[in-house]
Amino acid sequence: MNSMFKTEQQLVNTLKLNFSAICHWNTEKYTTKILEEVNLGFGIADMVITKVKRGNCENTTALSYFDAFLYKIIRSNKQITFEKLKELTKCDTTTLNRSLNKLIHDSYIKKTDHLVTLKNAYKGMESDSIAIEAKLKNWKRALDQAYRYKWFAKRAFVVLDSFYAKPAIENLIVFKKMNVGLAEINKEGVVKLHFSPLKNAPIDYTMWILLNEQLKQLTLRQKE
Numbered sequence: 091m092n093s094m095f096k097t098e099q100q101l102v103n104t105l106k107l108n109f110s111a112i113c114h115w116n117t118e119k120y121t122t123k124i125l126e127e128v129n130l131g132f133g134i135a136d137m138v139i140t141k142v143k144r145g146n147c148e149n150t151t152a153l154s155y156f157d158a159f160l161y162k163i164i165r166s167n168k169q170i171t172f173e174k175l176k177e178l179t180k181c182d183t184t185t186l187n188r189s190l191n192k193l194i195h196d197s198y199i200k201k202t203d204h205l206v207t208l209k210n211a212y213k214g215m216e217s218d219s220i221a222i223e224a225k226l227k228n229w230k231r232a233l234d235q236a237y238r239y240k241w242f243a244k245r246a247f248v249v250l251d252s253f254y255a256k257p258a259i260e261n262l263i264v265f266k267k268m269n270v271g272l273a274e275i276n277k278e279g280v281v282k283l284h285f286s287p288l289k290n291a292p293i294d295y296t297m298w299i300l301l302n303e304q305l306k307q308l309t310l311r312q313k314e
């Protein structure tokens, strides 16, 4: 039997060198980027692997949670009054205008007098995303955490140390019911898949926007 990882960080570092084994796309053909320690309010994902679309980084303005939440409201209503937005967001005029101006700048919305109208759909940078919870052996805790990542990612995975993976494999039915992937990795970097989850739309549209905003900022930093 292979020796075990000493720490979860050691496992994560090894996975970063061998992540293509759990991707549902050819990582040599399609641009693939990794976000690390992703905290969007549902715990901290060790990694989020993303399949990046081409030419989708025109807008450089960084959207905040409130910006994304506001856009979601406007998108749902198509057209809404400024006063109704104040009522729904419970936000002051200055803060609301600041956020609306950011959305106007990036051509997501337009504003005439007191009427706000959806102009363009938000274009995410990723066409697929895999959020990963890496654990040495506590598969139940890892599964619970990975499920939360479905709020912003299209797939979620638990990756365990091969040395401790057997109990999780024996409970594979639970992973299938929750549509959360399961893989193991050893110290040599060999990854073995036990279940690959189906691709689903993220549960929370606002959180999905924020994931894409983090990906956009990473891309912009790498261009500098």
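Per the working numbering, the sequence shown runs over residues 91 to 314. From the three backbone atoms N, C-alpha and C, an ideal C-beta is built for every residue, glycine too. Since we're looking at a predicted model, the values are computed, not measured.
In this structure, the straight-line span from the alpha carbon of residue 116 to that of residue 124 is close to 15 angstroms. For residue 234, the enclosing alpha helix (DSSP H) starts and ends at 229 to 238. For residue 139, the uninterrupted beta strand (DSSP E) run begins and ends at 134 to 142, by DSSP. CA-to-CA, the gap between residue 283 and residue 264 works out to about 15 angstroms.
A distance below 8 angstroms between beta-carbons, with the five flanking residues on each side excluded, links residue 171 to the following residues of its chain, in chain order: 204, 205 and 206.
Here DSSP, grouped into helix, strand and coil, assigns residue 250 to strand.
Counting only runs that start and end inside the region 241 to 294, the beta strand (DSSP E) elements of at least 3 residues fall at 245 to 251, 271 to 275 and 281 to 285.
Counted as a single uninterrupted DSSP element, the beta strand (DSSP E) harbouring residue 122 occupies residues 122 to 129.
In this structure residue 214 is buried. Its beta-carbon is surrounded by 16 or more other beta-carbon atoms within 10 angstroms. Check the Cα spacing between residue 130 and each of 311, 298, 261 and 249: the tightest is with 298. Where residue 93 is concerned, there is no enclosing alpha helix (DSSP H), because DSSP gives it neither an H nor an E. Distance from the CA atom of residue 192 to the CA atom of residue 273, rounded to whole angstroms, is 41 angstroms.
Inter-residue distance for residue 211 and residue 106 is about 33 angstroms (C-alpha atoms, whole angstroms). In this structure, DSSP gives residue 157 a helical state, which the three-state scheme calls helix.
Where residue 194 is concerned, the enclosing alpha helix (DSSP H) starts and stops at 183 to 195. Beta bridge pairing from DSSP links residue 106 with no other residue.
If you draw a straight line from the Cα of residue 244 to the Cα of residue 253, it comes to about 28 angstroms. Under the DSSP assignment, residue 173 falls in the alpha helix (DSSP H) whose first and last residues are 172 to 179.
The region 156 to 173 makes contact with the region 295 to 314; the number of CB pairs closer than 8 angstroms reaches 3 or more.
Pairing residue 121 with residue 139 gives a Cβ-Cβ distance that is not under 8 angstroms. Beta-bridge annotation (DSSP): residue 223 is paired with 248. Here DSSP, grouped into helix, strand and coil, assigns residue 168 to coil.
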